[in-house]
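Contents: one structure, followed by commentary.
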Amino acid sequence: MFDKKIALFNRKVENRDEALALLAEEFVKAEVVEENFLTGIMDREAVFPTGLPLNKMGVAIPHTDTEYVKENQIGFMTLEKPVVFQFMGDINQAIEVSVIFMLALKEGKSQMEMLPKLMDLFAMDEVMDALKEVETYDEFFKIISESELLD
Amino acid sequence: MKKILLCCGTGVATSTVVHKKLEDELIKRGHKGKFTITQCKAVEVPSKSVNADLCVSTIANSYTCHCPLIIATNLLINRKTEEIYDQIEKALFGE
Chain A
1 MFDKKIALFN RKVENRDEAL ALLAEEFVKA EVVEENFLTG IMDREAVFPT
51 GLPLNKMGVA IPHTDTEYVK ENQIGFMTLE KPVVFQFMGD INQAIEVSVI
101 FMLALKEGKS QMEMLPKLMD LFAMDEVMDA LKEVETYDEF FKIISESELL
151 D
Chain B
1001 MKKILLCCGT GVATSTVVHK KLEDELIKRG HKGKFTITQC KAVEVPSKSV
1051 NADLCVSTIA NSYTCHCPLI IATNLLINRK TEEIYDQIEK ALFGE
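Chains A and B, in that order, are what the protein sequence lines are.
Residue 1 is where the first sequence starts when you use the working numbering, and the numbers rise one by one after that.
Residue 1001 is where the second sequence starts when you use the working numbering, and the numbers rise one by one after that.
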């Protein structure tokens, strides 16, 4: 899930679309998704938004239908200033998102196992606080590994 | 037997996360054997909700739903879960 080490830290972006484009580009460069992955991400975010309000911050889990995906991969991004996503549960509700987990998921068992673990991770306030502050991939991966939630 | 339609964008991702939680909670509340949960895609709600008692959705759903609908995104992230379980229980089994 983390093989390609896709992670961007404390990025300065103007808005959601800029954040999504930056992160999606990393997936394309790593050749784990189709060239039009960003289109899939944007289309889906427009219909089924992915912002989630946690206790202390907003996160988003942008993803696509499986046809855009070659290999399972999770990409991580933190933002210097939050950008607005819509709430997954109500498209009219804005969520200030500062942490993004972009998901490239193929059909099957992998996403069934990964998603509940990711949701459990979101419920851990201290871990999420720590993730928001990481500045290097090693720090990021250490937290993910220690949480024992993702393999 | 109460029929619960559980939907998300793909019918296999976030709805799967909620499926087990919802099933466990309803059993815990004494409703074992009194309900079924069927997962579906949001686009299937207009057709499949015709035969359902309640639709529980992890996403905002702008499609026509022919049965009561409860948006349960908070179950995904474990926020205000009691509130949502109460709503679901009430919608299915009354007070």
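Glycine included, C-beta positions come from ideal geometry on N, C-alpha and C.
As assigned by DSSP and simplified to three states, the class of residue i
i          : result
Pro116(A)  : helix
Asn72(A)   : coil
Ser98(A)   : strand
Phe37(A)   : helix
Thr50(A)   : coil
Ser147(A)  : coil
Lys5(A)    : coil
Ile91(A)   : strand
Ala30(A)   : coil
Leu105(A)  : coil
Met42(A)   : helix
Ser1015(B) : helix
Asn1078(B) : coil
Ser1047(B) : helix
Arg1029(B) : coil
Thr66(A)   : helix
Lys1034(B) : coil
Residue of the options minimising C-alpha distance to residue i
i          : options                                           : result
Val127(A)  : Lys117(A), Gly40(A), Ile143(A) and Glu139(A)      : Ile143(A)
Lys1090(B) : Val1018(B), Arg1079(B) and Ile1070(B)             : Ile1070(B)
Lys106(A)  : Val33(A), Lys12(A), Ala24(A) and Glu14(A)         : Val33(A)
His63(A)   : Phe48(A), Pro53(A), Leu54(A) and Asn55(A)         : Phe48(A)
Ala1042(B) : Thr1058(B), Phe1035(B), Gly1030(B) and Leu1054(B) : Thr1058(B)
Lys1003(B) : Leu1075(B), Val1012(B), Glu1023(B) and Gly1009(B) : Glu1023(B)
Gln1039(B) : Tyr1085(B), Ala1072(B) and Gly1011(B)             : Gly1011(B)
Leu121(A)  : Val13(A), Tyr137(A) and Phe101(A)                 : Phe101(A)
Val28(A)   : Glu14(A), Ser145(A) and Lys70(A)                  : Lys70(A)
Thr1064(B) : Asn1074(B), Leu1075(B) and Val1050(B)             : Val1050(B)
Thr136(A)  : Glu35(A), Lys12(A), Gly40(A) and Thr78(A)         : Thr78(A)
Val83(A)   : Ile91(A), Val97(A) and Gly89(A)                   : Val97(A)
Arg16(A)   : Pro53(A), Glu31(A), Val99(A) and Ala104(A)        : Val99(A)
Pro1046(B) : Ala1072(B), Pro1068(B), Lys1020(B) and Asn1074(B) : Pro1068(B)
Glu45(A)   : Met114(A), Glu26(A), Asp65(A) and Leu118(A)       : Asp65(A)
Thr39(A)   : Tyr68(A), Lys56(A) and Leu54(A)                   : Tyr68(A)
Ser1015(B) : Gly89(A), Glu14(A) and Glu26(A)                   : Gly89(A)
Leu103(A)  : Ala1013(B), Arg1029(B) and Cys1008(B)             : Ala1013(B)
Arg1079(B) : Glu35(A), Leu115(A), Asp138(A) and Lys56(A)       : Lys56(A)
Met124(A)  : Glu80(A), Lys81(A), Pro53(A) and Arg11(A)         : Pro53(A)
Cβ separation of residue i and residue j, assumed to be a contact under 8 angstroms, to the nearest whole Å
i          : j          : result
Gln86(A)   : Gly51(A)   : 6 angstroms
Ala19(A)   : Gly75(A)   : Incorrect: roughly 11 angstroms between the Cβ atoms, too far for contact.
Phe37(A)   : Ala24(A)   : 5 angstroms
Gln73(A)   : Lys4(A)    : 6 angstroms
Val1017(B) : Leu1006(B) : Incorrect: roughly 10 angstroms between the Cβ atoms, too far for contact.
Leu131(A)  : Phe140(A)  : 7 angstroms
Phe2(A)    : Val134(A)  : That pair is no contact at about 13 angstroms.
Met119(A)  : Ile1077(B) : 6 angstroms
Beta-bridge partners of residue i, as assigned by DSSP
i          : result
Ala123(A)  : Ala123(A) pairs with nothing; no bridge assigned.
Val83(A)   : Val97(A)
Leu1006(B) : Gln1039(B) and Val1056(B)
Met77(A)   : Leu8(A) and Ile100(A)
Ile1070(B) : Val1056(B)
Val59(A)   : Leu52(A) and Val99(A)
Residue i: CB within 8 angstroms of a non-hydrogen atom of the ligand ZN
i        : result
Glu25(A) : The ligand ZN is not part of the structure shown, which contains no ligands of any sort.
Residues in the region 118-130 of chain A having any Cβ partner in chain B nearer than 7 angstroms: Taking 7 angstroms as the Cβ-Cβ cut-off, the region 118-130 of chain A approaches chain B at Met119, Phe122 and Ala123, given in chain order.
Check distances from the C-beta atoms of the region 87-99 of chain A to those of chain B and list, in chain order, the residues that come in under 9 angstroms. Here the close residues are Phe87, Met88, Gly89, Asp90, Ile91, Asn92 and Gln93.
Using a Cβ-Cβ cutoff of 8 angstroms, what residues of the region 20-41 of chain A are near chain B? List them in chain order. Interface annotation for the region 20-41 of chain A against chain B: empty, criterion Cβ-Cβ distance under 8 angstroms.
Between the region 1037-1059 of chain B and chain A, which residues of the former have a C-beta closer than 9 angstroms to a C-beta of the latter? Under the 9 angstroms Cβ criterion, the region 1037-1059 of chain B contributes Ala1042, Ser1057, Thr1058 and Ile1059.
Looking at chain A, which residues of the region 1073-1085 of chain B have a Cβ within less than 8 angstroms of any of its Cβ atoms? For the region 1073-1085 of chain B, which is checked against every Cβ of chain A, the residues closer than 8 angstroms are Thr1073, Asn1074, Leu1076, Ile1077, Asn1078 and Arg1079.
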